[in-house]
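Same order as they appear, the protein sequences are chains V and H.
Letter 23 of the first sequence, counting from 1, is numbered 14 in this note's numbering, and no numbers are missing.
Letter 52 of the second sequence, counting from 1, is numbered 43 in this note's numbering, and no numbers are missing.
Note that CB positions come from ideal geometry on N, CA and C, so glycine has one too.
As the structure is a prediction and not an experimental result, all values here were calculated from the model.
The next block holds one structure in the form of structure tokens; read it before the comments.
Number of protein chains: 2
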Amino acid sequence: MRMTPMIESFVCHFGEMGSRWGFNRTVGQIYALLVINQQPLSANDIGELLGISRGNVSMGLKELHSWQLVHTTHRPGDRKDYYQSRGSIWDMANRVFEERRKREIDPTLSLLRDILLDEAGNAEEAYAQERIAEIHDLLENITDWAQSLQSLSPEKLNTLMKLGSGVGKVLEFKDKLMAKKAD
Amino acid sequence: MRMTPMIESFVCHFGEMGSRWGFNRTVGQIYALLVINQQPLSANDIGELLGISRGNVSMGLKELHSWQLVHTTHRPGDRKDYYQSRGSIWDMANRVFEERRKREIDPTLSLLRDILLDEAGNAEEAYAQERIAEIHDLLENITDWAQSLQSLSPEKLNTLMKLGSGVGKVLEFKDKLMAKKAD
DNA sequence: TAATACTTTCAGAAATTTCTGAATATTCAA
DNA sequence: TTGAATATTCAGAAATTTCTGAAAGTATTA
């Protein structure tokens, strides 16, 4: 593989983005490279293409493994490991979401719950607890909901997304029906 | 205000989380403090409570202003600026989402579009473009959808969230009706 | 068993981000 | 105006994160 300007700009940008999604620049770039390359790449290939050390490649791949975003494959008569991105782009988005939930949201929810179990020592703490409860509920609602969406079939999810704010209409409709049934 | 252990643990944790949401630890902590404190705080109060320099507080507040997450208020006969968190927790989540879209997603979409406009120079680039198109479409779908959800009334949004994966049922139902109408 | 071909680890170097505090700017009352 | 009270800026210090490369580890073959 060669680093054409097109590929390079994509890989670089994905590196920057990576850090927003919970992993560092190198990890983002390695992943970008593997996503847009149909053939698996060896760790040496990756290091050369990105101009980074062999050790760094190893650490980056380890991280991507822990996110379950890459696959190791082999070639007959070749001892090297070859790496490939794993699953579709959609799978990737799901996995990033899932991992971040596990690593960030869950611990936060748990801390907030602990705080809410404590008795407020004064009016200030009572007010603080109210606000913390709001944050807790919002976070819990959103993650629960996101998780239930993840369990929807891709087609249904797609219908839902295409519907956009039109989903409001469908909800009104559903409410009317429920009201009739209740008669 | 005093930093009780309860408040301290919340503020610290929010600091850590902050960096995941696009701003640094201090900014997260300042915001946390303002959210759980009913009374507005002066920049000096904030610096003392968090044990950080006056300059750092100033920079943090500037950042929070740019995210439109704080408000400045005044007291008669007092020259100091007092700061308060702005809007509900829900507003805050919306604003963080909105800002991140502007600062991160939009530039990415624009780069991906540019790449897709280029002619692929060879089979490798053609494959890369296919994958990049997938990423582009996914990102665009999700952000468009998220934006249309933001325009929904809070009650409807709440209904939708409560519905969870049950939204699948409602969609099926809608499809059936549409089919009948088409007859 | 030893030699080879590769991968992983991790101490410290390099790069980046964040923070401090002195200097500067702003605002307002007298 | 001037001066007192406050806010902001920014160069460099401190802290943190990331990266390198030499050493150690692991398989495989001969």
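Secondary structure at Thr134 (chain V): helix, using DSSP grouped into helix, strand and coil. For the 9 Å CB-CB criterion, Arg104 (chain V) and Val26 (chain H) do not form a contact.
Using a CB distance cut-off of 9 Å, Asp166 (chain H) counts as an interface residue toward chain V. Leu143 (chain H) and Leu151 (chain H) have their C-alpha atoms some 10 Å from each other.
Along the stretch 45 to 74 of chain H, the alpha helix (DSSP H) occurs as fully enclosed runs of 4 or more residues at 45 to 57, listed in sequence order.
The way I'd put it, the stretch 154 to 164 of chain H does touch the stretch 133 to 142 of chain V; three or more beta-carbon pairs between them come closer than 8 Å. Residues of chain H with a Cβ closer than 7 Å to the Cβ of Val26 (chain V) are, in chain order, Arg122. Shown here for Ala34 (chain H): same chain residues with a beta carbon closer than 6 Å to its own, the five before and five after excluded, namely Val48 in chain order. Straight-line spacing of the CA atoms in Ile21 (chain H) and Gly51 (chain H) works out to 7 Å. For Ser10 (chain H), DSSP assigns no beta-bridge partner whatsoever. Counting along the chain, Glu95 (chain V) sits inside no alpha helix (DSSP H), nor does DSSP assign it H or E at all. DSSP places Leu24 (chain H) within a helical segment (H, G or I) once states are collapsed to three.
Among the residues facing chain V, Glu89 (chain H) is not included, as its CB has no counterpart in that chain under 9 Å away. For Glu110 (chain V), the number of other beta carbons within 10 angstroms of its own is below 16, and it is reported as exposed. Interface residue (Cβ-Cβ distance to chain H less than 9 Å): Trp58 (chain V) is not classified as such.
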